[in-house]
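Peer 1: Would you mind keeping the following structure in view while I ask a few things?
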Amino acid sequence: MLKNLTHLMGSLMMAYDDTTGPLPPMHQGGRSDSYLTDLAIDDTEADQEFLAPQVFPTVNVNTAAGEFDVWNRGQLLRPEFRDHAYGDRPVQAHTSKKKGNYRTTHRSLERAIDPEDRASSRNPLQPEEDAALYLNQQARTDIDLRFIEGFMSPDAGWAFNYTGVAANPNEAADSPEFLRFDQPGVNVAQFIRARARRMKMMTGRKPNRLILGSDVAAALAFNEDIVDRVKYVQKGVADLDLMAGFFDVERVMDATGVYNAALEGQDDEFKFIVDPRSMLLTYAAPRPSRNTPSGGYTFVWDNLYSKFKGEQERIGSGLALIRRGYDDRSGVDWVQAHTAVGMNIVAPDLGMFFSNVVEAAASDW
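Shown next as structure tokens:
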């Protein structure tokens, strides 16, 4: 009997594999799937409403929390070169930098696939595909909501905050007031270019990102001054590429993403993710690093993904991970999405936030 048991155990051990686990496969806690990953990547790249990776670059970090350099306007422009005496070491650069703290948060969501779901589908992989796309959309929405908390509010921590008024704004150079864009006689391009020059003068860096709330973008698309200037080269409407050239900003984005703010069981409450009447003018570093000035960064806890057994892949510009597996206790397949990101302002002087930019909601016109 012992001989037969040994023979049986040997046969079972031969069925083990580093990638598939014991038969049937996918019982050892799950793994990433290259097909579902590619499907999710294509879905993410096609989603132009996903703001987070389009505004500020991502920085991969090895720990869930840590430090980064915080830059102010004095450090960005102060000359540090000194005369070099024979035998001396050069003056050390950036010795008085302040430190900020980032903290990433591991968040996740799972969708179970019942055998009946598979039985009712002509494509055997359709349930996994549907689950991956749904979870990927949920991950993007969650990341963008956290992006708004970190960057797109008057309390985010930017050095410059402005509020639109209906009439008679304070015209001082450092005034926090401006005339709303939907008021007669407003020269929007002149105003935005003036704010951009002010940032350049005070930081040495020219803003290269302009994020428009949905109502602001809708108002500018039919702004009389802008349309009058472009009517001979366009169809009477200012698109985002044209606005970028008009405002002298590398990229203009229309924040049109929406979500349902109501909890399950409550009446639906549909909202734009970004305050539709707000606007952010900022500088994003082309080469991200914890030691490089930028308006903000999205910190990604890279080591989170190595904590899962088996080969793992990331999606969504490194912001999310899709995994799938099988639960032999309940007899269902599952698909999971995991994120571990943190949003931080790195150089407060490299961002200008504008509230109450227009009064009328686009849906009210």
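In terms of full-length UniProt numbering, the numbers along the sequence shown are unbroken and rise by one, the last being 365. Glycine residues also receive a C-beta, built at the ideal position from the N, C-alpha and C atoms. Note that the coordinates shown come from a computational prediction; the quantities given were computed from them, not determined experimentally.
If you scan the segment 188 to 249 from start to end, which runs of the alpha helix (DSSP H) of 4 or more residues do you find wholly inside it?
Peer 2: Taking only runs of at least 4 residues, the alpha helix (DSSP H) segments lying wholly in the segment 188 to 249 are 188 to 203, 214 to 221, 224 to 230 and 240 to 247.
Peer 1: From PHE246 to GLU171, what distance separates their C-alpha atoms?
Peer 2: Each residue's alpha carbon lies about 23 Å from the other.
Peer 1: In whole angstroms, what separates the C-alpha of LEU280 from that of PRO115?
Peer 2: Distance between the alpha carbons of LEU280 and PRO115 is about 48 Å.
Peer 1: Which residues share a DSSP beta bridge with TRP301?
Peer 2: TRP301 is bridged to VAL61.
Peer 1: Which same chain residues end up closer than 6 Å to PHE178 when comparing Cβ atoms and leaving out the 5 residues on each side of it in sequence?
Peer 2: The residues are TYR162, GLY164 and PRO169.
Peer 1: Could you tell me the distance, in whole angstroms, from the CA atom of GLU110 to the CA atom of ALA40?
Peer 2: Approximately 15 Å between the Cα atoms of the pair.
Peer 1: So, are the CB atoms of ARG277 and VAL358 less than 7 Å apart?
Peer 2: Result yes, Cβ atoms of ARG277 and VAL358 sit closer than 7 Å.
Peer 1: Is the CB-CB distance between THR292 and VAL341 below 7 Å?
Peer 2: For THR292 and VAL341, no; Cβs fall outside 7 Å.
Peer 1: Within 10 angstroms of the Cβ of GLY21, are there 16 or more other Cβ atoms? Answer buried if so, exposed if not.
Peer 2: Residue placement at GLY21 is flagged as unreliable, the pLDDT there being 39, under the threshold of 50; a coordinate-derived value is accordingly withheld.
Peer 1: For chain C, find out if any of its Cβ atoms is closer than 7 Å to the Cβ of MET243; answer yes or no.
Peer 2: In the structure shown, chain C does not exist; there is a single protein chain.
Peer 1: Around the Cβ of THR282, are there at least 16 other Cβ atoms within 10 angstroms (buried) or fewer (exposed)?
Peer 2: Buried, because 16 or more other Cβ atoms sit within 10 Å of the Cβ of THR282.
Peer 1: Go ahead and label ASP144 buried or exposed: buried means 16 or more other beta carbons lie within 10 angstroms of its beta carbon, across all protein chains shown.
Peer 2: So ASP144 counts as buried.
Peer 1: Tell me the rounded alpha-carbon separation between GLY331 and GLY30.
Peer 2: Taking the straight line from one Cα to the other gives about 14 Å.
Peer 1: With three or more C-beta pairs closer than 8 Å as the rule, is the segment 61 to 71 touching the segment 92 to 106?
Peer 2: Yes: the two stretches touch, three or more of their Cβ pairs being nearer than 8 Å.
Peer 1: Rounded to whole angstroms, what's the CA-CA distance from ALA284 to THR256? Just pull it up for me.
Peer 2: Whole-angstrom Cα-Cα distance: 21 Å.
Peer 1: From this set, GLY204, PHE308 and GLY351, which residue's C-alpha is nearest GLY296's C-alpha?
Peer 2: The candidate whose alpha carbon is nearest that of GLY296 is GLY351.
Peer 1: Is it right to say VAL91 is buried, meaning 16 or more other beta carbons lie within 10 angstroms of its own, or is it exposed?
Peer 2: Per the 10 Å Cβ criterion, exposed.
Peer 1: At the level of alpha carbons, what is the spacing between PRO184 and LEU263?
Peer 2: The straight-line gap from Cα to Cα measures roughly 41 Å.
Peer 1: Which class does ILE273 belong to by DSSP, given the choice of helix, strand or coil?
Peer 2: In the structure shown, ILE273 sits in coil (DSSP, three-state: anything other than H, G, I, E or B).
Peer 1: Give me the residue from ALA166, VAL216 and ILE113 with the minimum Cα distance to PRO127.
Peer 2: Nearest option by C-alpha distance: ILE113.
Peer 1: Using the Cα positions of PRO57 and PRO207, report the straight-line distance between them to the nearest angstrom.
Peer 2: Going by the C-alpha atoms only, they are around 14 Å apart.
Peer 1: Rounding to the nearest angstrom, what Cα-Cα distance links LEU220 and PHE353 in this structure?
Peer 2: Taking the straight line joining both Cα atoms gives about 17 Å.
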